[in-house]
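First to last, the sequence lines map onto chains A and B.
Heads up, the final residue of the first sequence is numbered 156 in my numbering, and it's a clean run with no missing numbers.
Heads up, the final residue of the second sequence is numbered 400 in my numbering, and it's a clean run with no missing numbers.
Here a beta-carbon is modelled for each residue, glycine too, at the ideal position from N, C-alpha and C.
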Amino acid sequence: MSDLGDLYQQTILDHNRNPRNFRRLETANRTAEGHNPNCGDRIKVYVQVEGDTISDIGFQMPDGAGCAISKASASLMTTAVKGKPVAEAETLFQAFRDMLSGGAIAPGKLAAFGGVRAFPARVKCANLAWHALHAALQNESDPVTTESARDF
Amino acid sequence: MLDTKIRADFPILARQEHGHRLVYLDNAATTQKPRQVLDAILNYYSTSNANVHRGAYGLAVAATEAYEAARAAVARFVNAWAVEGVVFTRGTTEAINLVAGSWGRANVKAGDTVVVTAMDHHSNLVPWQILCAEKGATLRMVEVTADGRIDLLDFGRALEARPRLVAFPYVSNSLGSVNPAAELTKLAHAAGAVVVVDGAQGTPHLKVDVQALGCDFYCLSGHKMLGPMGSGALIAKPELLEAMPPYHGGGEMIERVWDDHSTWNMIPHKFEGGTPNVEGAVGLAAAIAYLERIGMDTIAEHEQALARTAIERLSEIDGITVYGPKDHRAGVVPFTYGDIHPHDLATILDRDGVCIRAGHHCTQPLMRRLGVPATARASFYIYNGVDDIDALVTAVRKAGELFGVPLPR
Chain A
5 MSDLGDLYQQ TILDHNRNPR NFRRLETANR TAEGHNPNCG DRIKVYVQVE GDTISDIGFQ
65 MPDGAGCAIS KASASLMTTA VKGKPVAEAE TLFQAFRDML SGGAIAPGKL AAFGGVRAFP
125 ARVKCANLAW HALHAALQNE SDPVTTESAR DF
Chain B
-8 MLDTKIRADF PILARQEHGH RLVYLDNAAT TQKPRQVLDA ILNYYSTSNA NVHRGAYGLA
52 VAATEAYEAA RAAVARFVNA WAVEGVVFTR GTTEAINLVA GSWGRANVKA GDTVVVTAMD
112 HHSNLVPWQI LCAEKGATLR MVEVTADGRI DLLDFGRALE ARPRLVAFPY VSNSLGSVNP
172 AAELTKLAHA AGAVVVVDGA QGTPHLKVDV QALGCDFYCL SGHKMLGPMG SGALIAKPEL
232 LEAMPPYHGG GEMIERVWDD HSTWNMIPHK FEGGTPNVEG AVGLAAAIAY LERIGMDTIA
292 EHEQALARTA IERLSEIDGI TVYGPKDHRA GVVPFTYGDI HPHDLATILD RDGVCIRAGH
352 HCTQPLMRRL GVPATARASF YIYNGVDDID ALVTAVRKAG ELFGVPLPR
């Protein structure tokens, strides 16, 4: 039996309580919105790409609130990809997604979300921000939803 | 209050969830099924299964009799205008779509107004949005008061447009408000409107008498009242059904078919194209028999007592906000807890075996008005007891501890 502590690890509770880069980024040259129609959570990701590098990133939850998992995941994601090459962010996205679908534990602090695997109803919450980031980096203008992204 | 011994009738309640007794508090979404309903379905397929209304052999006659007996049971249960005024549907959603797609298409014209309320479930909103967009009609949404009732002043203002149709829920699935359906109907009729009552949440929990309500169309879902999923009905005044065009074309709904046109079967069959959900109807009839044995007044009292207790106990926790009116409410208790997102609450409660709903409850316009993206919702039925409320409150307190007892917003 998986424990609630595996899901709500301290890292996640901390990023939920004090989300990092939780702001609209005025200088962003890439943005995308993620929407989970199951729960109504929406996340908007603002990315500033200079050359091949994510020089700055921020996120907002336009409805004012999201669950701890989606908010903490977005927050941790911004800290994980800030200052990194775009290609590396995409690699992390892949690793994160693989982890949530039962694969290897993702590197660094992203490992905190490994516990989500035991809570299938919450996997989409953890993935939401990453899909928005991916869409922003692809420069897709339509909002992505947890239903339209093929391998959510 | 009802004796929790009743749980012995519900096989699923023996299920363990994460090592805990299953505490099922999502009855506004769907209810569990007693053995009597499961047996009725099994018995139907074991003894009487054939296609209805067409076979000339004994077995088909038995199936038809079972199906039509179920229709009579539904008619009696809600005091329908006539047995032929009961059209079997997949549930409330299909019943409302039937009214919109048939009566609405034939009667709503450009410039007309259709009135709904801000507490309507998406199923009593979106069909009207689609109809109004198609016809160039205006959709007018009546506001709700801060404590979660239909704003009667705004309802009156909406009627000044002399709407063609007025739709509202008997009981709100998000707030538990029991609306003054007879009074609203009288006002709407005085303004010349046809009235559709969404009875999805009313029928399982209150004694329903559609003739006393006085509405024109009443919609219900079987699965929210111990019956099978995919069962439900539209209850309508027969003269309205007679005048309406068909909804689905196909077998069963026709009288005669030529190369280029057809004539229609009599009501209610005109609206039941295709092989119907006979097992659903039979199961629904068994559910009705079960509910009638307990008595709808007893059920209403039981749920209201549980809701009162739950509200009292939850309100003792700092940071809990309970939504909905103080009185005139059914066994639905929506709440939020500080800044803990309802989905996190639901996940934490689930680990204690407590099933609640978290989200917008298919009422996004209402959530916007409440100023919350989502709520947690506990909803009760006949097999719930005070021990379930104990489990709910204990689990909610655990969530508070895990998230560091958040301050109220």
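Following the DSSP letters along the chain, one finds Trp134/A inside the alpha helix (DSSP H) bounded by residues Val127 to Leu141. By the neighbour-count criterion, in which a residue is buried when 16 or more other Cβ atoms sit within 10 angstroms of its Cβ, Ala63/B is exposed. In the three-state reduction of the DSSP assignment, Val105/B falls in the strand class. Beta-bridge pairing by DSSP links Leu225/B to Val78/B and Cys210/B.
Around the beta carbon of His252/B, fewer than 16 other beta carbons sit within 10 angstroms, so the residue counts as exposed. For Tyr328/B, the pairing in a beta bridge is given by DSSP as Ile311/B and Ile331/B. Contact between Thr300/B and Ile380/B holds: their C-beta atoms lie close to 6 Å from each other, under 8 Å. Cβ-Cβ separation between Val106/B and Val157/B: approximately 4 Å, consistent with a contact (criterion under 8 Å). Under DSSP, the beta-bridge partners assigned to Pro89/A are Thr57/A. Between Ala224/B and Ala60/B a beta carbon distance of about 14 Å is seen, past the 8 Å cut, so the two are scored as non-contacting. For Arg131/B, same chain residues with a beta-carbon under 8 Å away, outside a window of 5 residues either side, are Thr104, Val105, Val106, Val107, Ala149, Ala152 and Pro154 in chain order.
The continuous alpha helix (DSSP H) containing Trp119/B extends over residues Val117 to Lys126. Cβ contact annotation for Gly242/B (same chain, cutoff 7 Å, sequence separation greater than five): Gly264 and Gly265, in chain order. The distance from the Cβ of Ala130/A to that of Ser79/A is about 12 Å, inconsistent with a contact at the 8 Å cut-off. In terms of beta-carbon proximity, Arg24/A stays away from the interface with chain B, with every pair separated by 8 Å or more. By the Cβ test, the region 375 to 395 of chain B is not in contact with the region 169 to 181 of chain B, since fewer than three Cβ pairs between them sit closer than 8 Å. When secondary structure is reduced to three states using DSSP, Phe262/B falls in the helix class. Judged by beta-carbon spacing, Phe326/B lies beyond the 8 Å limit of Val345/B, meaning their Cβ atoms are not closer than that value. Below the 9 Å Cβ cutoff, chain A contributes Tyr12, Leu17, Asn20, Arg21 and Ala72 as neighbours of Phe394/B, in chain order.
For Pro364/B, the chain A residues whose C-beta falls within less than 9 Å of its own C-beta are Cys43, Gly44, Asp45, Arg46, Met65, Asp67, Gly68, Ala69 and Gly70, listed in chain order. Within a 10 Å sphere around the beta-carbon of Thr31/A sit fewer than 16 other beta-carbons, which makes this residue exposed. In the DSSP assignment, Asn40/A falls within the beta strand (DSSP E) that extends over Arg34 to Asn40.
Distance check between His352/B and each of Asp341/B, Val387/B and Arg368/B places Arg368/B closest, using alpha-carbon atoms only. For Pro356/B, the enclosing alpha helix (DSSP H) stretches over residues Gln355 to Leu361. Taken in chain order, the complete beta strand (DSSP E) segments of 3 or more residues contained in the region 114 to 190 of chain B are 129 to 133, 156 to 160 and 185 to 189.
By the rule that beta-carbons nearer than 8 Å mark a contact, Phe117/A does not touch chain B. Rounded to whole angstroms, the separation of the alpha carbons of Gly76/B and Met103/A is 55 Å.
Beta bridge pairing from DSSP links Ala365/B with no other residue.
Between Ile61/A and Thr82/A, the C-beta spacing is below 8 Å. The Cβ of Asp381/B sits no closer than 8 Å to any Cβ of chain A. In the structure shown, Thr31/A falls within a coil segment according to DSSP collapsed to helix, strand and coil. In the same chain as Val74/B, and ignoring 5 residues on each side of it, the C-beta atoms closer than 7 Å to its own belong to Arg62, Ala63 and Ala66, in chain order. Glu246/B: not part of any alpha helix (DSSP H); member of the beta strand (DSSP E) spanning Ile245 to Val248, first to last residue. Taking each of Phe26/A, Gln64/A and Leu17/A in turn and checking the Cα distance to Glu37/A, the smallest one comes out for Gln64/A. Gly218/B is positioned such that its CB atom lies no closer than 8 Å to that of Gly322/B. Secondary structure note for Thr254/B: its beta strand (DSSP E) is the uninterrupted segment Ser253 to Trp255.
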